[in-house]
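Using numbering that gives the first Met the number 0, read the sequence shown as starting at 0 and increasing by one per residue.
Built from N, CA and C at the ideal position, the CB exists for glycine as well.
Small disclaimer: the values here were computed from a predicted structure and weren't measured.
Notes follow the structure.
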Amino acid sequence: MAAEELSNEGDAFSKIHSSAKHSADITAADELWQKLPYETHIRYVLNPLHYRLQTIHWGNGLCRLCFEGITFDPGKSELIHFSKRRTEQNPDTTPTITIGDLTIKELANGKPYIRWLGILFDKKLSFKWHTKELATKAIVIARALKSLGNSIRGAPPRLLRQAAEACVLKRAYFGAETWWTGRTQFGINHPTKVEGHINQLSKVTLECARAILPVWRTANIAILHRESGLRPPEIELDDLARASTVRTRRLDPYHPLAWRAKWIQEDPGSFKTRFACRILSLPPSEQIDPLSAPKWLEYESRAEIMKRIHSPNGRTKQEAATEFNDFYDLLPREDIVIFSDGSKLANGNTGGGFVGYQDNHKFCEGSLPLGRMKEVYDSEAIAAFEGLKAAISSIESRIATDIYICLDNIEVAARLLSKSTGSSQDTFSAFRQLASTWHNGTVHIRWVPGHKDVAGNEAADKAAKAGAALPQPTGAYSYAGLRRVTKGLRQKAMNQLWSTVIPTTYRDLEIFTSPRNPKELSLPRPFLGRLIAIRSGHGDFASYHERFLHQDAQLLCRCGARKSPVHFFFCSIAKRNHPRPKGKPADILPFLCGTYEGAEVLANWTKANGFYTNICPLHLPPPPILKGPIHSLKD
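Okay, structure coming up:
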């Protein structure tokens, strides 16, 4: 709640923070907030704040604290007034709070901010001290990672990227959901003055990229972002803000942010805060209630669930398929078996399908168009529910004893008869309730391997594909679908940025996308450095050395030709040592230098012909020293 209150830039605040440790029912002992309209002078904020502090700490609240066995040290209290007025920025002139012998002065810690939940709050809520301190600490770790490798040898780039994301960027972006406002305010093209924040975080990101990649010092910034998979800070911060907004769809109904999100959606015109704009920017989607399956209760263990649904448990898919076919042949004639499946086409359309059998005779079938708002996970759950509903309502159910729901998605199968707090929660709950109404026998869930010649599963797969091909409905997104949409916005923003800054050499090699996790990072570090040099033109090439006036560089290959990014393909010595890949240069070079599969082929070929080690190394070995007597040319 405090983070959202701070986003109202037109109001003045005062806050007292103490070091008391309290239980859940003494929520006011740790921090006190007092908010008044912007027109109110800051001295009027202290009256209600003083009263609340005296009541809680020196009144009945102190007795409650003593009863709970909690000690309170008023001397460790901190006070800060949030205001944008110039006359209220000096802590020496702002009002203080005096209670008994204790005087609480603003920012008595000698710093221009106070730390609360790991975030540094300054008086103007600019968060410049927060980003500066975190960026300073993060860049120290980034430089330590950079010392683990260079352009020739060092730690694997893939592992360095994992370390950079976990140890550096997580620290640098901590609390971004609270302080990141975006480059402009919502609804109006008014700058928010966050260029300083972005510049400091950009230094951290680029330092991480140089630690990951074996590149030369002059490599382009756009190339560093593309090859490392690290996004510019603005894109990452926007993504973190969207992700935090999506998480409000999974808060319990008693959470303050869940209340506020509900009020905003009921009356969108009455809220203009940053949080409200983010909530309203989301498309309609389902709301998950995590309290439907509270964590403090005991449930069926994961191992028990996997045993109940007959998961692979070390078996191959072919072995599981054979075992399922044997089980299916031994079922009683009156039992019903429902095969269900979900599908998603390349255009984003999803569909579900089910097929019902009794005594090896198909008696029901359905294909369900589900639209682009769902994921395969959701379509699998909906198809299973619709299949169970069709089985129970059929005439064949009058003589049936047990019903078996068979599907090839382990996670959906594990949650169908369990309490779920994930996507399509209402569907899982409805399935569980419907299964409990079946009194003739028991509803069983069984996993079946997909695409392994199980006739019922293949029929359900065809029905699901047919449902995805039908006209698609519209409606609210599932939680999984909402997450997919927001993640797609991040990649879309990166591709748009890459299309505007793509170097000419990358365009010539037809590298038009910027993936989040480049596969090239799994290549050996020395060869990855050579590959990036080929792509960028920043490497051991004659034109590069001449451009930067390198006097001691070797400009020629052993074959006598000038070193160039694609000389490896045309070198006469390399072609004699090992045949080069077949194809025209215009077709084969974009494949070899622009794709991960081609890079693997190029790595094997250059290793076989010794191009970078013997034919055209970084530095040619010195000429051999002539042995024997040296004759003078003089008479």
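Per DSSP, the unbroken alpha helix (DSSP H) holding residue 322 starts and ends at 316–328. Sequence-distant Cβ neighbours of residue 196 in its own chain, meaning closer than 6 Å and more than five residues away, are 130. DSSP, read as helix, strand or coil, puts residue 570 in coil.
Setting aside the 5 residues that flank it on each side, residue 391 is surrounded in the same chain by 402, 433, 436 and 437, each with a C-beta closer than 8 Å to its C-beta; the list follows chain order. Excluding five sequence positions before and after residue 286, the CB atoms of its chain that fall closer than 7 Å to its own CB belong to 248, given in chain order. Cβ-Cβ separation between residue 343 and residue 354: approximately 19 Å, too far for a contact (criterion under 8 Å). If you compare the alpha carbons of 327, 543, 578 and 466 with that of residue 563, the shortest gap goes to 543.
Contiguous alpha helix (DSSP H) elements confined to the region 409–469 occur at 409–414, 424–435 and 454–468, taking only those with 4 or more residues. In the DSSP annotation of this structure, the continuous segment of the beta strand (DSSP E) that includes residue 349 starts and ends at 349–357. With a cutoff of 7 Å on beta-carbon distance, residue 377 and residue 339 are scored as not near each other.
Per DSSP, reduced to three states, the secondary structure at residue 504 is helical. About 6 Å separates the beta carbons of residue 600 and residue 591, which is inside the 8 Å limit, making them a contact pair.
When C-beta atoms of the region 448–460 are compared with those of the region 314–326, three or more pairs fall below 8 Å, so the two segments count as touching. In the DSSP assignment, residue 586 falls within the alpha helix (DSSP H) that extends over 584–593. With contacts defined as CB atoms closer than 7 Å, residue 341 and residue 463 qualify as a contacting pair. If the five residues before and after residue 517 are omitted, its C-beta is found closer than 7 Å to the C-beta atoms of 226 and 228, all from its own chain and listed in chain order. Residue 385: not part of any beta strand (DSSP E); member of the alpha helix (DSSP H) spanning 375–392, first to last residue. Residue 510 is bridged by DSSP to nothing; it lacks a bridge partner. Judged by DSSP in its simplified three-state form, residue 405 adopts strand. Around the beta carbon of residue 511, a 10 Å sphere encloses fewer than 16 other beta carbons of the protein chains shown; the residue is thus reported as exposed. Looking at the DSSP output, residue 190 shares a beta bridge with 183. When the five nearest sequence neighbours on each side are left out, the beta carbons in the same chain lying within less than 6 Å of the beta carbon of residue 121 are those of 111, 112 and 128, in order along the chain. With respect to the 7 Å criterion, residue 509 and residue 582 are not classified as neighbours on the basis of their beta carbons. Remark: C-beta atoms of residue 444 and residue 263 do not approach each other more closely than 7 Å. The DSSP assignment places complete alpha helix (DSSP H) segments of no fewer than 4 residues inside the region 203–245 at 220–227, in order along the chain.
Residue 370 is bridged by DSSP to 349. Looking only at 152, 117 and 289, the smallest Cα-Cα distance to residue 212 is reached by 152. The closest CA to that of residue 178, considering only 504, 233 and 488, is found on 233.
Less than 7 Å divides the Cβ of residue 141 from the Cβ of residue 207.
Rounded to the nearest angstrom, the Cβ distance from residue 203 to residue 118 is 17 Å, too far for a contact under 8 Å. Note that the region 565–575 does not touch the region 233–244; fewer than 3 beta-carbon pairs, one per stretch, sit closer than 8 Å. Between the C-alpha atoms of residue 584 and residue 210 there is a straight-line separation of about 33 Å. In this structure, 427 is the residue among 586, 405, 408 and 427 with its C-alpha nearest to the C-alpha of residue 415. Residues 568, 573 and 604 of the same chain have their beta carbon placed closer than 8 Å to that of residue 579, with the five preceding and five following residues left out of the count. If you draw a straight line from the Cα of residue 529 to the Cα of residue 194, it comes to about 35 Å.
In this structure, the beta-carbon distance from residue 333 to residue 389 does not fall below 7 Å.
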